[in-house]
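Under full-length UniProt numbering, think of the first position of the sequence shown as 1, with each following residue one higher.
Here the structure is laid out as structure tokens; the discussion comes afterwards.
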Amino acid sequence: MNDSPETLDRLVDEWLTVPDIADRLGLDASKVRRIVQERRIIGVRRGDPRIFYVPGAFLVPGHLANPAQPTNRDPDLPWAVLASLQGTLTVLSDAGFTDEAAIKWLFTPDDSLPGTPIDALRAGRKTEIRRRAAAEL
Numbered sequence: 001m002n003d004s005p006e007t008l009d010r011l012v013d014e015w016l017t018v019p020d021i022a023d024r025l026g027l028d029a030s031k032v033r034r035i036v037q038e039r040r041i042i043g044v045r046r047g048d049p050r051i052f053y054v055p056g057a058f059l060v061p062g063h064l065a066n067p068a069q070p071t072n073r074d075p076d077l078p079w080a081v082l083a084s085l086q087g088t089l090t091v092l093s094d095a096g097f098t099d100e101a102a103i104k105w106l107f108t109p110d111d112s113l114p115g116t117p118i119d120a121l122r123a124g125r126k127t128e129i130r131r132r133a134a135a136e137l
């Protein structure tokens with residue numbers, strides 16, 4: 001599935017470049033590229049010239065990185081990659097989803113949730129979302 005940039009732009013509110021992510025996470029760009037290589041986050045090339053962008057919703061304030069294990073950490077701590085994202089991306093990849101298709105799936109509203117799969121992941125409902133992703137196999 002090859003979704004147009006317009007389709008993804010209707011679904012994704014915020015796009016971040018590697019330097020944007022580095023600033024938000026408090027890392028250098030090479031460490032962000034490593035996170036991408038490890039498939040902890042995914043993105044798409046957009047625009048002219050083609051620049052790599054990642055949905056901003058893949059990052060959360062540090063105290064929400066793992067919503068299933070709340071902590072008493074300071075909410076002003078740096079941002080983090082959503083902990084439940086990597087496993088979900090693996091399941092979607094195993095189901096044959098391209099990165100573009102995975103982003104579309106994660107950000108498409110689903111009346112049975114309600115909301116979107118990324119909203120549910122951010123709310124700590126990774127088991128339900130991974131079960132739904134596995135059903136795509």
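We treat Cβ as the ideally placed atom computed from N, Cα and C, and that holds for glycine.
Contact belief for Arg122 with Ala57 at Cβ below 8 angstroms, rounded distance in angstroms: With 8 angstroms as the limit, Arg122 and Ala57 qualify as a contact, their Cβ atoms being about 7 angstroms apart.
Cβ distance (whole Å) where Thr88 is taken to contact Ala133 below 8 angstroms: Their Cβ separation, rounded to whole angstroms, is 6 angstroms, which keeps Thr88 and Ala133 in contact under 8 angstroms.
Backbone CA spacing between Gly115 and Thr108 [nearest angstrom]: C-alpha separation (whole angstroms): 8 angstroms.
Assigned exposure category for Ser112 - 16 Cβ within 10 Å defines buried: Under a 10 Å Cβ-count criterion, Ser112 is classified as exposed, with fewer than 16 other Cβ atoms of the shown protein chains found around its own Cβ.
Inter-residue spacing [alpha-carbon to alpha-carbon] between Arg40 and Ala95: Each residue's alpha carbon lies about 17 angstroms from the other.
Distance CB(Val54)-CB(Trp15) smaller than 9 angstroms: Yes, the Cβ-Cβ distance between Val54 and Trp15 is below 9 angstroms.
Run of the beta strand (DSSP E) containing Ala22, from where it starts to where it stops: If you look at Ala22, you'll find it isn't in any beta strand (DSSP E); it sits in the alpha helix (DSSP H) that goes Val18 to Leu25.
Residue closest to Ala22, alpha-carbon to alpha-carbon, out of Arg125, Arg34 and Pro117: Nearest C-alpha to Ala22: Arg34.
Integer Cβ distance of Ala102 from Ile42, believed to fall under 8 angstroms: Indeed they touch by this definition, with Cβ atoms about 6 angstroms apart.
Classification of Arg45 by the beta-carbon crowding that lies within 10 angstroms, buried from 16 upward: With fewer than 16 Cβ atoms within 10 Å of its Cβ, Arg45 is classed as exposed.
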